[in-house]
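A short worksheet on the structure shown next.
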Amino acid sequence: MKTDYSELLKAVTVIAEQAGDRLLNVYDTDARPADAAALRDALDRNERVSADGTRAALTALLPEARFVGEAEEAAPLPDDGDWWVIDDTEGSVNHIHGLPDWGVSIALVRAGTPVLAVFRQPVPDLTYTAVVGEGALVGERRLAVSGKQGLDVAIVGTGQAEADQPDTYGPIGSSITTLLDAALLVRASVPSTFPMLQVAGGNMDAFWQYRPVLPGVAAGSLFVAEAGGVVTTIDGKPWVPGSDTILVGAPGVHPGVRAALATTDGSLR
Numbered sequence: 001m002k003t004d005y006s007e008l009l010k011a012v013t014v015i016a017e018q019a020g021d022r023l024l025n026v027y028d029t030d031a032r033p034a035d036a037a038a039l040r041d042a043l044d045r046n047e048r049v050s051a052d053g054t055r056a057a058l059t060a061l062l063p064e065a066r067f068v069g070e071a072e073e074a075a076p077l078p079d080d081g082d083w084w085v086i087d088d089t090e091g092s093v094n095h096i097h098g099l100p101d102w103g104v105s106i107a108l109v110r111a112g113t114p115v116l117a118v119f120r121q122p123v124p125d126l127t128y129t130a131v132v133g134e135g136a137l138v139g140e141r142r143l144a145v146s147g148k149q150g151l152d153v154a155i156v157g158t159g160q161a162e163a164d165q166p167d168t169y170g171p172i173g174s175s176i177t178t179l180l181d182a183a184l185l186v187r188a189s190v191p192s193t194f195p196m197l198q199v200a201g202g203n204m205d206a207f208w209q210y211r212p213v214l215p216g217v218a219a220g221s222l223f224v225a226e227a228g229g230v231v232t233t234i235d236g237k238p239w240v241p242g243s244d245t246i247l248v249g250a251p252g253v254h255p256g257v258r259a260a261l262a263t264t265d266g267s268l269r
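The following block contains the structure:
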């Protein structure tokens with residue numbers, strides 16, 4: 001029997017929009033933190049502002065659901081039960097530098113699979129939603145991946161997942177070098193949700209990442225899948241929470257990116 005997520009989606013959307021409004025109230029396009037202390041203070045403020053009330057509101061919706069914390073961000077989740085995966089300020093470093101690529105990400109993982117996702121981007125007032133088996137939307141518009149065939153016409157990208165992941169630096173650099181020679185254009189950006197949304201919307205054609213953390217890819221993986229894209233690990237295995245790589249792309253581009261990445265030194269040590 002198919003689960004009806006419609007009422008839950010509406011409620012989660014409101015929660016994400018409220019958190020986004022709180023962040024918008026402390027957003028300043030002229031913000032330029034001058035040193036490490038100012039940067040850390042601004043990041044901490046964003047977490048406090050966005051998180052205020054979010055988890056309590058989600059608990060009221062699903063009292064038995066657990067929340068992914070630091071210990072679960074890169075680890076496999078149990079195959080049973082519900083988990084909320086939240087990034088209170090996805091792209092917080094952009095927010096505190098006056099850039100627009102930031103938002104609030106909320107995903108529900110049920111029995112080890114993302115089944116519902118909301119991403120609220122206050123600038124420029126966009127709300128993305130997805131439910132497993134029902135497609136992905138931005139506002140009322142349905143998302144669809146690109147119809148491109150082949151890597152030579154593809155816009156692809158990658159980016160670091162966390163600041164302190166030295167074992168990913170070599171694979172990231174090697175993968176960019178390889179794809180620069182194969183794709184039309186290669187981008188490197190943070191945070192990961194934005195290029196994944198662009199893949200879901202057909203603006204980009206593929207995105208890969210080494211050592212992803214679940215709050216950065218849980219929602220995006222569902223958006224891409226529900227928009228008709230392919231979601232795997234870099235070596236082509238099914239992506240699941242805890243996988244140490246992720247590759248998402250349009251069906252006509254994903255195989256080429258996977259083949260190209262197979263020629264790089266992508267070993268994580």
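Okay, so the sequence shown: first residue is 1 according to UniProt numbering, each after it adds one.
Just so it is clear, CB atoms sit at the ideal spot from N, CA and C, and this is done for glycine as well.
From a predicted model like this one, the values you see are computed outputs, not experimental measurements.
Notebook entry, point to check: Can we say the region 142-156 touches the region 199-211, given the rule of at least three CB pairs closer than 8 Å?
Noted result: yes
Item checked: Contiguous beta strand (DSSP E) assignments of at least 3 residues, all confined to the region 130-203 -> 135-138, 155-158 and 185-188
Next item on the list: Would you tell me roughly how many angstroms separate the C-alpha atoms of D28 and D44, rounded to the nearest one?
Entry: Residue mapping note: residue 28 aligns to position 28 of the sequence shown, counting from 1. Residue mapping note: residue 44 aligns to position 44 of the sequence shown, counting from 1. D28 and D44: Cα-Cα distance of roughly 16 Å.
Item checked: Same chain, Cβ closer than 6 Å to T245, five either side skipped, listed in chain order -> Reading the sequence shown from its first residue, position 245 is the one you call residue 245. Contacts found: Y210, T233 and I234.
Item checked: Start and end residues, alpha helix (DSSP H) containing T13 -> Reading the sequence shown from its first residue, position 13 is the one you call residue 13. Looking at the DSSP string, the run of the alpha helix (DSSP H) that includes T13 is S6 to N25.
Check: What span of residues does the beta strand (DSSP E) with P114 cover, start to end?
Finding: Within the sequence shown, the letter at position 114 stands for residue 114. Run containing P114: T113 to Q121, per the beta strand (DSSP E) assignment.
Checklist line | CB of A183 within 8 Å of CB of A154, strictly | finding: Numbered from 1 along the sequence shown, position 183 holds the residue referred to as residue 183. Numbered from 1 along the sequence shown, position 154 holds the residue referred to as residue 154. In this structure, A154 lies closer than 8 Å to A183 by Cβ.
Checklist line | Unbroken stretches of the beta strand (DSSP E), 3 residues or longer, contained in the region 44-117 | finding: 82-90 and 103-110
Notebook entry, point to check: Okay, do the region 87-104 and the region 37-53 touch, 3+ Cβ pairs below 8 Å being the bar?
Noted result: yes
Notebook entry, point to check: Would you call the region 248-256 and the region 157-175 in contact, with 3 or more CB pairs under 8 Å?
Noted result: no
Item checked: Under the three-state DSSP convention, the category G256 falls into -> Indexing the sequence shown from 1 puts residue 256 at position 256. Helix.
Item checked: Per-residue DSSP class, three states only, for G249 -> Here residue 249 is taken as the residue at index 249 of the sequence shown, counted from 1. DSSP places G249 in strand when its eight states are reduced to three.
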